[in-house]
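Counting with mature numbering (1 follows the signal peptide of the UniProt record, and there is no 0), you get residues -20 to -1, 1 to 326 for the letters of the sequence shown. See below for the structure under consideration.
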Amino acid sequence: MTRLMMLVIALISAAAPVLAQQDGPEARARFGPADGPAMVLRSTTDIAVLGPTLKDFTARNPGIAVNYEQWGSNALYKISQRDCEAGHSRADAVLSSAVHQMVDLVNRGCAGSYRSPASTALPTARRWRDQLWGVTQEPAVIIYNTHLVPPQDVPHTRFALLDLMRRAEARYQGKIATYEIEASGLGYLFAFEDSLEASTFGALMEGFSRAGAVATCCSAEIIKGVSKGEYAIAYNVLGSYVNARRDPNVGVVWPQDYTLILSRGYMVPKSAEQVDSAQKLLDFLLSARGQEDLRAAGLLVSGEPEDSATPASALHTIAISPVLLVALDRQKRAQFIARWRAAFGR
């Protein structure tokens, strides 16, 4: 690691914000034996999506039970910080789609270390310090209502989406949605990555403003809105949740200019109690069987995009690295959110 990168990490870590959101989990479930001790897994992943994988894990490890807590990303980040500062974590493992927040937790010294053949076999873009591992591969996609958007209007690139938003007609006015980045850590990460990747980002902000685009929370809510026709198009939606619904009213596009690929970050807190179980779960998720389960859940894309018109060279993996700490810099975050609020009339 260069001296410059070490300085960047130190400065950003000191300035990283504590984000406010609800303090409790959105839902809970238990997998494995109904009685006795259980490891606690806190995650942003919907129970319905990850549940079958956890059921398979506990079936193959009959001595292990998993108490699963589903959290919003900002709330999970906040409680993980609190546990770290207190020196006691109720969670034995944390799995989050907001990987920039996970990198910050590791950088704060909140994670335990672990090495195994499965973990060290991961590409470098999906692991950091033997303390954070990317266990999934999920695309950020554009979705659309198949009844409201005619084939010739389906935006296969950001430039095509811009063209739709520039039209004078009212067809798409107020009918385009994306994540509310202040409520969604994942939404913030995708938007921030766009600002680094795309020469079109400034134009997209202007387009969202012109089209009266809607910023709202949560993948399930956005997908449901597109399915019902409340929105015609939604931008930067996590493709795994779209696949899980398999809704005929919802079409999916992997943007041909570039498609961001996210790996959810898995961490074992250094003060976890059920460390052995948490490590076994990590190895299972990275095993051939675990990867098969994750692929069936839509959480692991294959080598080629599902949208055959999108070249494999257009897939841009969000690397799990200290570079993500830039997204948490207090000044940059404040400026970015101010720009976002202006675009959405807030």
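We put the beta carbon where it would ideally sit given N, CA and C, even for glycine. Please read all numbers here as calculations on a predicted model, not as lab measurements.
CB of E173 within 8 Å of CB of L240, strictly: yes
For W234, three-class secondary structure by DSSP: coil
Along the chain, where does the alpha helix (DSSP H) containing R62 start, and where does it finish? S53 to A66
Exposed or buried, what is Q259 when buried is set at 16 or more other beta-carbons lying within 10 Å of its beta-carbon? buried
A268 to V115, Cα distance in whole Å? 12 Å
Just list the residues that DSSP pairs V20 with in beta bridges. N47
Taking 8 Å as the cut-off, decide whether the C-beta atoms of Y221 and S199 are in contact. yes
Does the Cβ of Q132 have 16 or more other Cβ atoms within 10 Å, making it buried, or fewer, making it exposed? exposed
Going straight from the alpha carbon of T297 to that of Y238, what length do you get? 10 Å
Check this for me: beta carbons of G62 and V20, under 8 Å apart or not? For clarity, residue 62 is Arg in the given sequence; the question names Gly instead. It is not a contact, given that the beta carbons lie outside the stated cut-off.
Are the region 92 to 103 and the region 40 to 52 touching, with three or more C-beta to C-beta distances below 8 Å? no
Taking A292 as the reference, give the member of I317, A323 and W234 with the closest Cα. W234
Taking only three categories from DSSP, how would you classify A98? helix
Spatial neighbours of S257 in its chain, beta-carbon cut-off 6 Å, leaving aside the 5 residues before and after: M19 and I44
Which residues in the same chain have their Cβ closer than 7 Å to the Cβ of Y57, if we skip the five residues on either side of it in sequence? L(-2), A78, Q81 and G165
Which residues DSSP lists as bridging Q117, in chain order: L280
State the CB to CB distance for the pair M247 and V74, rounded to an integer number of angstroms; the pair is presumed to be in contact (CB under 8 Å). 5 Å
Restricting to Cα atoms, I'd like to know which of S23, W320, A9 and A7 is closest to T196. W320
Output needed for L266: all residues of its chain with C-beta closer than 6 Å, excluding positions within five of it in sequence on either side, in chain order. A98
Kindly indicate which residue of G187, W113, Y124 and I122 has the alpha-carbon position closest to the one of D143. G187
Any idea what DSSP makes of Q1, helix, strand or coil? Here the model assigns Q1 a pLDDT of 40, short of 50, so the residue's position is not dependable, and the following value carries that caveat. Coil, per DSSP.
N-terminal and C-terminal residue of the beta strand (DSSP E) that S76 is part of: A73 to S76
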